[in-house]
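See below for the structure under consideration.
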Amino acid sequence: KPIEQYRAELGRFGITGDTALQTVMSLSGGQKSRVAFSVMCMSNPHLLVLDEPTNHLDMETIDALGQAIKKFQGGVILVSHDELLIKHICTEAWLCRQGSVTALEYGFEQYRKLIESELQY
């Protein structure tokens, strides 16, 4: 790929200008995560499996990740406790527990109500 494509992909995750030219060792933790997500997307996967992808990320990086996931053309399996990310990017929600998988027709709000009702007991 031409260097312009790499720079454009890094830019999607907020790694622009001189930052895109720095060594990985000199980047902050959030910037390293952005580079990792960018590299992952450059391989043109059909499916992303993300397990708690927002752990240890700053708000700006979480926002960039959410925008990139929304633009992603393939499927995404997301495991997360980040309510804002879930509400921002998810079009379907599934609950996996006790050996079964259940579609949540009303998404995260249905999940929240289910958990709240269980906590009352």
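Take the sequence shown: its position 111, counted from the start at 1, is 121 in the working numbering, and no numbers get skipped. C-beta atoms are modelled at their ideal positions from N, C-alpha and C, and glycine is treated no differently.
- One thing to note: residue 67 has its Cβ within 9 Å of the Cβ of residue 40.
- Secondary structure in the stretch 31–100: the alpha helix (DSSP H) runs of 4 residues or longer, each lying completely within the stretch, are 39–52, 69–81, 93–99 in chain order.
- Short of 8 Å from the beta carbon of residue 50, and not among the five residues preceding or following it, lie these beta carbons of its own chain, in chain order: 58.
- Counting the other Cβ atoms within 10 Å of the Cβ of residue 111 gives fewer than 16, which makes it exposed.
- In this structure, residue 99 places its C-beta atom within 9 Å of the C-beta atom of residue 88.
- The alpha-carbon separation between residue 129 and residue 120 amounts to approximately 14 Å.
- In chain order, 55, 56, 57, 58 place their CB closer than 7 Å to the CB of residue 84, counting only its own chain and leaving out the 5 sequence neighbours on each side.
- Beta bridge pairing from DSSP links residue 22 with no other residue.
- Looking at the backbone, the Cα of residue 81 and that of residue 96 are separated by about 15 Å.
- In the DSSP annotation of this structure, the continuous segment of the beta strand (DSSP E) that includes residue 112 starts and ends at 110–114.
- Here residue 20 is buried: its Cβ has 16 or more other Cβ atoms, across all protein chains shown, within 10 Å.
- With distances taken between CA atoms, residue 115 lies nearest to 104 out of 42, 104, 13.
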